[in-house]
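Numbered continuously in numbering that gives the first Met the number 0, the sequence shown closes out at residue 284.
Idealized CB from N, CA, C, for every residue including glycine.
All remarks here apply to the structure that follows.
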Amino acid sequence: MIHVKKYVLGTVLYCFAQFTTTAQAEPAQRIIALSPHLVEQLYSIGVGDKIVGTTEHADYPHQARAIPRVGNYAQLQVEKILALKPDLVLAWTDGNPAADINKLRQFGLNVVDSNPLLLTDIAKELRVLGQLTGAEDKAEQQAQWMEKGLAELRQRYSTQQKVIVFYELWQQPLSTVAQKAWPQQQLELCGASNPFATAIGDYPQVSIEHVVASQPQLIIQPVSVNEPRTLLDWSRWPAIPAVKYQQFSQPDSDLVHRTTNRMLQGVRQLCADIDKTRQFFAKKS
């Protein structure tokens with residue numbers, strides 16, 4: 000649970016986010032990418048072969064698994080990073096230890112911060128990565144594809160009947176999403192209504208009693224083949240409409256929780272699942 004919440008929490012905090020960049024005379028050739036989402040984005044614009052080090056859980060695309068590891072969300076191996084002689088370090092502002100990042104800066108490394116907060120920030124960061132690596136054309140292509148896809152989903156579902164959903168982020172303790180969490184932004188995009196959207200914090204813990212009282216029509220349980228999890232057995236609460244009518248969705252958490260352009264694939268499927276439930280209850284009314 001610690002890793003999952005850190006992984007998701009780190010992608011959504013509370014102010015407008017963008018890369019903090021410094022002038023760079025030449026495109027980067029030796030890159031340390033300190034998060035799975037940064038690794039994915041670099042591969043998506045065709046410069047994944049320039050990555051010389053990354054952190055744990057960077058597993059997409061497949062060749063990313065062979066990149067040397069230089070730490071995790073709890074600690075970075077500063078000496079190992081220095082030994083790799085990077086000309087660019089891409090740091091995840093809320094997913095890397097601040098003290099270790101400060102050490103890298105003190106050693107004179109070129110550190111650029113990534114802190115995407117909104118779905119639209121994904122395209123913005125793609126463009127910055129393109130500038131830093133000399134892959135502007137491919138980055139612009141990917142950015143426009145992302146922006147177009149989000150706009151299409153927003154237009155399609157913004158006027159649809161709201162579907163009451165419960166997003167089971169974790170089963171013990173039972174946790175969900177709210178405020179500006181990535182999944183909450185996706186639910187809004189898909190025309191879903193989250194009864195806990197205004198709860199305190201982006202990833203609040205809730206009680207079963209509150210979930211039952213909210214009467215969700217759909218229960219969403221994100222899963223990953225890379226990090227299996229135990230799902231809550233909702234059959235014990237048949238009074239919940241989603242349970243009574245077997246309305247469950249299990250999106251790929253590697254898609255919906257990572258701030259990459261691959262997220263669009265996951266959100267499209269999530270919206271489709273929500274729409275199936277919308278149509279189901281429309282027929283019953």
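Pairwise C-alpha distance: residue j and residue i
i	j	result
F247	K84	48 Å
K147	I218	28 Å
N71	M262	22 Å
V211	A271	24 Å
H36	N225	15 Å
Q183	V176	6 Å
M0	N109	Per-residue confidence for M0 stands at a pLDDT of 44, beneath the threshold of 50, marking its modelled position as unreliable; no derived number is given.
I100	A142	27 Å
D274	Q76	45 Å
T258	L41	12 Å
E139	T229	39 Å
D48	Y156	38 Å
P60	R68	15 Å
T276	L116	28 Å
L87	K283	57 Å
A122	R153	16 Å
S213	G129	45 Å
W169	E25	44 Å
K102	D120	27 Å
Q278	E151	19 Å
E135	A73	32 Å
L188	H56	27 Å
D93	A27	23 Å
P240	L173	19 Å
Residue i burial status per 10 Å Cβ neighbour count (16 or more: buried)
i	result
D232	exposed
I199	exposed
E167	buried
G107	exposed
K53	It is worth fixing the name first, because residue 53 is Thr in this sequence and not Lys. That one is buried.
P221	buried
Q216	buried
A98	exposed
P250	buried
E78	exposed
T132	buried
S206	exposed
Q105	exposed
E124	buried
E39	buried
Segment limits, alpha helix (DSSP H) that includes residue i
i	result
D253	S252 to V255
L263	M262 to K283
W91	First-last for W91: L87 to W91, but that is the beta strand (DSSP E), not the alpha helix (DSSP H).
A97	A97 to Q105
V210	I207 to S213
Residue i, enclosing beta strand (DSSP E) - first and last residue
i	result
S43	Taken as a continuous stretch (DSSP letters only), S43 belongs to no beta strand (DSSP E), being part of the alpha helix (DSSP H) at P35 to S43.
I219	L217 to I219
G52	I50 to T53
I30	I30 to A32
Y166	V162 to Y166
D112	V110 to S113
Expected contact under 8 Å - CB spacing of residue i and residue j to nearest Å
i	j	result
S223	S252	4 Å
N260	S43	6 Å
P46	R29	Pro is not the amino acid found at residue 46; the sequence shown has Val there. Rounded, the Cβ-Cβ distance is 11 Å, inconsistent with contact.
V111	L89	6 Å
H256	W181	6 Å
Residue i: CB within 7 Å of a non-hydrogen atom of the ligand SAH
i	result
Q143	Absence of the ligand SAH is noted for the structure shown, with no ligands found whatsoever.
Next on the checklist: Three Cβ pairs or more, each shorter than 8 Å: is that satisfied between the segment 154 to 170 and the segment 179 to 198?
Outcome noted: yes
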